[in-house]
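Here the structure is laid out as structure tokens; the discussion comes afterwards.
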Amino acid sequence: MGFEDRFNNGKQLLAYNCKRIRRESKKRQIDIFVSTNLATTRISEIENGKNNVEFATLYKLKSGLQIDINFLFEAPFLPVKQMTYTPVTLDIEKLNFGRRLLQIMSHLGVSQQDLSIMTSIGEGEISEIVNGSHNVELITIAKIAEALKISLTLLFSYNGILPSNKGYKQELIL
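The working numbering puts the sequence shown at residues 2 to 175.
As structure tokens, then:
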């Protein structure tokens, strides 16, 4: 699977989860707008898998839906009642993402320089992402996931354990 496929699959997973979670929570797009200032047209684009999404937009969605960010990319799908929500700032959320990425890279033996070469993303940008100082876009996250041969889901929910080799391809590839 190429990164374009992973990016498109990621957009579709985000679209499905965003719409499903919003509906299960009995929220309207206008409710999300009121709580996040994210335009209803933008919410509609996301729910229909259109365009790229920045990390700050993912943060607004998770805040408006009152779920942890990993649930935007979860599959299989949990009922909303079982989802957790930890209110943190955007800066902390970006820092947590960067830390998860750095842990995965360390686990796989991939340096920032290696990842830069594998993805054609500049070393400075990789450094900003792992340090939590970059508003990384979904397309960039998809490039990273493709290079590391992991799913977008894992990048948002990594807990220190990578699945075994047998289940690795099945579980990690969207």
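Ideal Cβ placement from N, Cα and C applies to all residues, glycine included.
Predicted model only: the values in this text are computed from it and were never measured.
Residues of its chain near residue i, where Cβ-Cβ distance is below 6 Å and the 5 sequence neighbours each way are ignored
i    : result
V81  : I22, E25 and S26
N53  : E138, L139 and I140
S158 : N71
F34  : T41
T85  : D69
Pick from the options that is closest to residue i, judged by C-alpha positions
i    : options            : result
C19  : N49, F4 and K95    : N49
L149 : Q104, T42 and K95  : Q104
I93  : I130, I33 and S107 : I130
F78  : L14, N9 and F4     : L14
I142 : L59, D32 and K51   : L59
Coarse secondary structure for residue i, derived from DSSP in three states
i   : result
E75 : coil
N- and C-terminal bounds of the alpha helix (DSSP H) containing residue i
i    : result
A146 : L139 to L149
G99  : L91 to L109
E5   : F4 to E25
E48  : T41 to E48
K61  : F56 to L66
G125 : E124 to V131
M119 : Q113 to T120
T87  : Taken as a continuous stretch (DSSP letters only), T87 belongs to no alpha helix (DSSP H), as it is neither H nor E.
I31  : Q30 to T37
S158 : L153 to S158
Residues near residue i in its chain [Cβ-Cβ closer than 7 Å; skip 5 each side]
i    : result
K61  : T37 and L39
N132 : G99
Q114 : E124
E55  : N136 and E138
L91  : A57 and Y60
Distance between beta carbons of residue j and residue i, contact taken as under 8 Å
i    : j    : result
F74  : G161 : Contact flag wrong, Cβ pair sits at about 18 Å.
L102 : L156 : 6 Å
A76  : I47  : Actually they do not touch by this definition, with Cβ atoms about 17 Å apart.
E126 : H135 : 6 Å
R7   : L153 : 7 Å
K144 : I122 : 6 Å
Q67  : I44  : Not a contact, Cβ separation roughly 15 Å.
Own chain residues within Cβ distance below 8 Å of residue i, not counting five before or after
i    : result
T87  : D69
L116 : M106, I122, I127, I145, A148 and L149
L175 : For L175, the predicted structure reports a pLDDT of 37, less than 50, and the residue's modelled location is therefore unreliable. A value from the coordinates is still provided. Answer for L175: M2, R7, N10, G11, L14, A76, S152, L153 and T154, listed in chain order.
S64  : S36, T37 and P88
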